[in-house]
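For the record, the sequence lines run as chains A and B.
Mapped onto the working numbering, the consecutive letters of the first sequence carry residue numbers 802 to 914.
Mapped onto the working numbering, the consecutive letters of the second sequence carry residue numbers 1185 to 1294.
Yeah, the Cβ is synthetic: ideal placement off N, Cα and C, and Gly gets one too.
These numbers were taken from a predicted model, which means no experiment stands behind them.
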Amino acid sequence: NAGVTQTPKFQVLKTGQSMTLQCAQDMNHNSMYWYRQDPGMGLRLIYYSASEGTTDKGEVPNGYNVSRLNKREFSLRLESAAPSQTSVYFCASREAGGVDTQYFGPGTRLTVL
Amino acid sequence: GIQVEQSPPDLILQEGANSTLRCNFSDSVNNLQWFHQNPWGQLINLFYIPSGTKQNGRLSATTVATERYSLLYISSSQTTDSGVYFCAARGGGSQGNLIFGKGTKLSVKP
Chain A
802 NAGVTQTPKF QVLKTGQSMT LQCAQDMNHN SMYWYRQDPG MGLRLIYYSA SEGTTDKGEV
862 PNGYNVSRLN KREFSLRLES AAPSQTSVYF CASREAGGVD TQYFGPGTRL TVL
Chain B
1185 GIQVEQSPPD LILQEGANST LRCNFSDSVN NLQWFHQNPW GQLINLFYIP SGTKQNGRLS
1245 ATTVATERYS LLYISSSQTT DSGVYFCAAR GGGSQGNLIF GKGTKLSVKP
């Protein structure tokens, strides 16, 4: 049981390049989330997926797209990276029900030059 | 939406000391979690505690939902407790995402 996994762990991009961050969970959770964390800040929601086949915008969606490929996988795509997207990206999945807990992946540290 | 405020923003302790971290939230919550972000950036679940009191070893947490605050207690602190402690809350009717406070940065000195 690996929990929530993310790839890659680190990435450096040039302005205008594109890339996809991958996230997978093996806990059979319905809901998955993408957050970003900027220095000195808590996490802010980019996009979420309440169930397979559905996605919705969060607080800071501009410049990102997502795909809920299946129940396990939720990817985040930067189509044309900008320096303002330099951040640490966390994926999470949520165990709903009696213990409504979110579990986080290890994060991807992205630098856009 | 819900606002989450944490205090103090920074805390320096000598090893062995006790501490209390506070989290205030602006509305009723369905979920409140405490996390520890270690120096390597990993977010570690500490407590799921929308109300009541829980203890796990040297750590304990109390949430008083009617007064809209939660406290995290760290006793006999160790250098490995260093890092940033986040409180995060989810309100009713939301899409399930957590709203994070800005964290308390804890440094425990040997």
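Segment limits, beta strand (DSSP E) that includes residue i
i: W835 of chain A; result: 832-838
i: W1224 of chain B; result: Looking at the DSSP string, W1224 of chain B is not in any beta strand (DSSP E), and its letter there is neither H nor E.
i: T912 of chain A; result: 909-913
i: K1286 of chain B; result: First-last for K1286 of chain B: undefined, no H or E at that position.
i: N1208 of chain B; result: 1203-1209
i: E1189 of chain B; result: 1188-1191
i: Q826 of chain A; result: 820-826
i: T816 of chain A; result: It is not in any beta strand (DSSP E) - T816 of chain A carries neither H nor E in the DSSP assignment.
i: T806 of chain A; result: 805-808
i: S850 of chain A; result: 844-850
i: D901 of chain A; result: Per DSSP, D901 of chain A belongs to no beta strand (DSSP E) and is neither H nor E.
Alpha carbon of residue i to alpha carbon of residue j, nearest angstrom
i: N829 of chain A; j: E896 of chain A; result: 9 angstroms
i: V1292 of chain B; j: N1215 of chain B; result: 29 angstroms
i: Q1301 of chain B; j: A883 of chain A; result: Absent from the structure is residue 1301 of chain B, since the part of chain B shown begins at 1185 and ends at 1294.
i: T855 of chain A; j: I1233 of chain B; result: 28 angstroms
i: F811 of chain A; j: L911 of chain A; result: 6 angstroms
i: G908 of chain A; j: F891 of chain A; result: 5 angstroms
i: A1249 of chain B; j: A1273 of chain B; result: 11 angstroms
i: E1199 of chain B; j: L1290 of chain B; result: 11 angstroms
i: V805 of chain A; j: Y1257 of chain B; result: 28 angstroms
i: V867 of chain A; j: Q1187 of chain B; result: 26 angstroms
i: G864 of chain A; j: K858 of chain A; result: 11 angstroms
i: G1238 of chain B; j: G1225 of chain B; result: Looking at the sequence shown, residue 1238 of chain B is not Gly but Lys. Rounded to whole angstroms, K1238 of chain B to G1225 of chain B spans 25 angstroms at the Cα level.
i: S1161 of chain B; j: A1201 of chain B; result: With chain B covering 1185 to 1294 only, the question about residue 1161 of chain B has no answer from this structure.
i: S1203 of chain B; j: V1268 of chain B; result: 14 angstroms
i: G1241 of chain B; j: A803 of chain A; result: 24 angstroms
i: G843 of chain A; j: N1222 of chain B; result: 14 angstroms
i: R1252 of chain B; j: G1185 of chain B; result: 14 angstroms
i: K815 of chain A; j: Q886 of chain A; result: 11 angstroms
i: D827 of chain A; j: L846 of chain A; result: 21 angstroms
i: I1228 of chain B; j: L1282 of chain B; result: 15 angstroms
Supposed close pair residue i, residue j - CB separation, criterion 8 angstroms
i: T1247 of chain B; j: S1254 of chain B; result: 4 angstroms
i: S894 of chain A; j: M833 of chain A; result: 5 angstroms
i: V813 of chain A; j: L914 of chain A; result: 7 angstroms
i: S1261 of chain B; j: L1197 of chain B; result: 5 angstroms
i: G1275 of chain B; j: S1212 of chain B; result: 7 angstroms
Indicate whether the contact test is met: 3 or more Cβ pairs, each with one atom in the stretch 839-856 of chain A and one in the stretch 808-826 of chain A, closer than 8 angstroms. Counting C-beta pairs with one atom in each stretch, the stretch 839-856 of chain A and the stretch 808-826 of chain A have fewer than three that are closer than 8 angstroms, which means they do not touch.
Considering only residues of the stretch 859-899 of chain A, which uninterrupted beta strand (DSSP E) runs meet the minimum length of 3 residues and lie entirely inside it, listed in chain order? Every beta strand (DSSP E) stretch that sits fully inside the stretch 859-899 of chain A and reaches 3 residues is listed by chain position as 865-869, 875-879, 888-896.
Validate contact between the stretch 868-881 of chain A and the stretch 843-850 of chain A using beta carbons, cut 8 angstroms, 3 pairs: Per the Cβ contact rule, the stretch 868-881 of chain A is in contact with the stretch 843-850 of chain A (3 or more Cβ pairs under 8 angstroms).
Please specify which runs of the beta strand (DSSP E), each continuous and at least 3 residues long, are wholly inside the stretch 1230-1273 of chain B, giving them in chain order. Annotation: the stretch 1230-1273 of chain B contains the following complete segments of the beta strand (DSSP E) (minimum length 3 residues), in chain order: 1236-1240, 1243-1248, 1253-1258.
Flag this pair as touching only if the stretch 1190-1209 of chain B and the stretch 1279-1288 of chain B have three or more C-beta atom pairs under 8 angstroms; answer yes or no. Verdict: yes, contact present.
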